[in-house]
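Enquirer: In this note's numbering, the protein residues as written are 27 to 408.
A virtual CB, placed ideally from N, CA and C, is assigned to each residue, including glycine.
(1) Report yes if the C-beta distance between residue 409 and residue 247 is below 7 Å; otherwise report no.
(2) Taking residue 312 as the reference, which of 129, 89 and 227 has the closest Cα?
(3) Take residue 38 and list the residues in its own chain whose beta-carbon comes closer than 6 Å to its own, dropping the five residues that flank it on each side.
(4) Within 10 angstroms of the Cβ of residue 269, are there 16 or more other Cβ atoms? Answer buried if so, exposed if not.
(5) Based on Cα-Cα distance, which residue from 302, 153 and 292 lies nearest to residue 278?
(6) Using DSSP bridges, identify the partner residues of residue 277.
(7) Should residue 276 and residue 294 be called a contact, given that it needs their Cβ atoms to be closer than 7 Å?
(8) Do the region 141-161 and the region 83-98 meet, that is, are 3 or more Cβ pairs less than 8 Å apart?
(9) What does a CB cutoff of less than 6 Å around residue 300 pick up in its chain, not counting 5 residues either side in sequence?
(10) Taking DSSP as the reference, what is the three-state secondary structure of residue 245?
(11) Determine the extent of the beta strand (DSSP E) in which residue 327 is found, giving its start and end residues.
(12) Grouping DSSP H, G and I as helix and E and B as strand, with all else coil, what is residue 341?
(13) Can you give me the C-alpha to C-alpha distance between residue 75 and residue 265, rounded to a whole angstrom?
(14) For residue 221 and residue 334, I'd like the C-alpha separation in whole angstroms.
(15) Residues bridged to residue 316 by DSSP?
(16) How many Å lie between residue 83 and residue 326 at the Cα?
(17) What first and last residue would you give for the alpha helix (DSSP H) that runs through residue 66?
(18) In the DSSP output, what is residue 191 paired with across the bridge?
(19) Under three-state DSSP, which class holds residue 219?
(20) As a quick exercise: from 195, 257 and 66, pick the residue whose alpha carbon is nearest that of residue 124.
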């Protein structure tokens, strides 16, 4: 007699449903998400996947939704109501944008200690102090997006909420910091590559990650983690005077953070970066699927791709091995470093943007402006 199938709990059912979208939305904390998110939350995410929303946008939505649900449970004792009342939105702002000096004289100002401790114990809070205004605005924007996808109108455009955010930011100004405090320019990259000097699988992989991420225009860590063998095409070698031809590859990026689904952005690799990538794929026997994968303790190459956080961790590990301060560099430093290095070498901004695939001249040009200001005459009057 066939054994009766065990009925799934609500959490187990949500975990299985999250697995069905994991290919599009890599999830490392599936079990924790299954406990925090409601059935309606998971259904909304599945709907967005089916609508073809970009992978990076989905990751951001999921991350922010998880944080919001965790905060809501701790701050109110209940899952988020949909739509959220204006009072709850104002509470969220008050808990995340506050004045540290005022907090010294008023213990009730800002996020309550019990809420802070609970979120910190779950790993949702790491830094000390109020949130960055940009983080609060992004989470409110994603909260609003999810509300609309559920068919509701929220209070996100209310004058009271806008005024609360404006006054909170004015009361507690924060310095705007880059995603990576320091850029990984060519001199820093050389130090990181020097830590990948052997032919071990880890050194081959990490060398390829560093060189491909930088040389392809400073690719985002999500693009490096998601790179697949099918995205690579061999191009004719590049002829150079007084030397052998340089190998060339094209990377078909497909849909990225700044493109639509119909566009297929292409960037090119030439020379040493191609050789490093080919050396890794040959050693790891990667003929199809994910290019950059995990490596087990016994040197076994996983069939699963690295996640974006692992790419960042690899960069920081190489920074530490190079004798540099890990807190000053991140994977985004390769992106800012590419544009900074291009500016240092006098490469035209438009040409650098063709490789980095920046859409905003203002954003990309800021790296050029910083280099020009630092080395220009105005900074050397004395």
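Expert: According to the structure data:
(1) This structure leaves residue 409 out entirely; the chain is present only between 27 and 408.
(2) 227
(3) none
(4) exposed
(5) 292
(6) 258 and 293
(7) yes
(8) yes
(9) 273 and 275
(10) coil
(11) 327-331
(12) helix
(13) 44 Å
(14) 21 Å
(15) 254
(16) 32 Å
(17) 65-76
(18) According to DSSP, which records beta bridges pairwise, residue 191 is partnered with nothing at all.
(19) helix
(20) 195
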